[in-house]
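The sequence shown lines up with residues 1 to 134 when you count with full-length UniProt numbering.
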Amino acid sequence: MSTDLFCEIIAGERPAYVVSSDEVAVSFLDARPVFKGHVLVVPRVHVETLADLADVGPFFERVRAMASAVESGLEADGTFVAMNNRVSQSVAHLHVHVVPRKKKDGLRGFFWPRTRYASEEEAESYRELIAKAL
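In structure tokens, the structure reads:
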């Protein structure tokens, strides 16, 4: 197994606000979200890019479920779902961003301003809302 940040989260060696975890994928709050409630969905198996993922269907079933949960759990108007392959990929482990969106939230193009949670309690409250919606 690789020792990247996401593999450490998957192995339980690094703390994260885990929203969902099963045999296919682990989903957790992004530490520097575009908007609060921004979730990363990562395959449990270490692969760097989408082309490296052997069984795409089950993984994207988890992505689809997470997009629905983020939207309903946070009462968002929609979601922004995105992935980078190598270029702009901050961690060399496939990951899909599921970002809650509100109309007129100011997000434009591909510039992703980042924010932080005010406290551990605030991050936990977002994790809980999304997890309950799953």
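All C-beta atoms, glycine included, are put in the ideal place defined by N, C-alpha and C.
Subject >> Closest Cα partner of V70 within the set D55, R44 and H97 >> reply: Residue 70 sits at position 70 when you count from the first residue of the sequence shown. The candidate whose alpha carbon is nearest that of V70 is H97.
Original post:
To the nearest whole angstrom, what separates the beta carbons of D77 and K36, a pair I think is in contact under 8 Å?
Top reply: Position 77 of the sequence shown holds residue 77. Position 36 of the sequence shown holds residue 36. In fact, because the Cβ distance is near 15 Å, the residues do not count as touching under 8 Å.
Original post:
Do Y17 and R101 have their C-beta atoms within less than 9 Å of each other?
Top reply: The residue you call residue 17 lines up with position 17 of the sequence shown. The residue you call residue 101 lines up with position 101 of the sequence shown. No; because the gap between Cβ atoms is not below 9 Å, this pair is not in contact.
Original post:
Across which residues does DSSP place P33 in a beta bridge pair?
Top reply: Position 33 of the sequence shown holds residue 33. Bridge partners of P33: none, in fact.
Subject >> For V41 and P15, the rounded distance between their alpha carbons >> reply: As a first step, residue 15 is located in the sequence shown; it is residue number 15 there, counting from the start. As a first step, residue 41 is located in the sequence shown; it is residue number 41 there, counting from the start. Going by the C-alpha atoms only, they are around 15 Å apart.
**OP:** Assuming L5 and V91 form a contact by the criterion Cβ under 8 Å, report the distance between their Cβ atoms to the nearest whole angstrom.
**Re:** Start at 1 with the first residue of the sequence shown, and residue 5 comes out as number 5. Start at 1 with the first residue of the sequence shown, and residue 91 comes out as number 91. Rounded, the Cβ-Cβ distance is 5 Å, consistent with contact.
**OP:** Can you say whether D30 is buried or exposed, counting buried as having 16 or more other CB atoms within 10 angstroms of its CB?
**Re:** In the sequence shown, counting from the first residue as 1, residue 30 sits at position 30. So D30 ends up on the buried side.
Original post:
Looking at C-alpha atoms only, which residue of T49, L50, F80 and D105 is the closest neighbour of R64?
Top reply: Locating residue 64 in the sequence shown gives position 64, where the first residue counts as 1. It is F80 whose Cα lies nearest to the Cα of R64.
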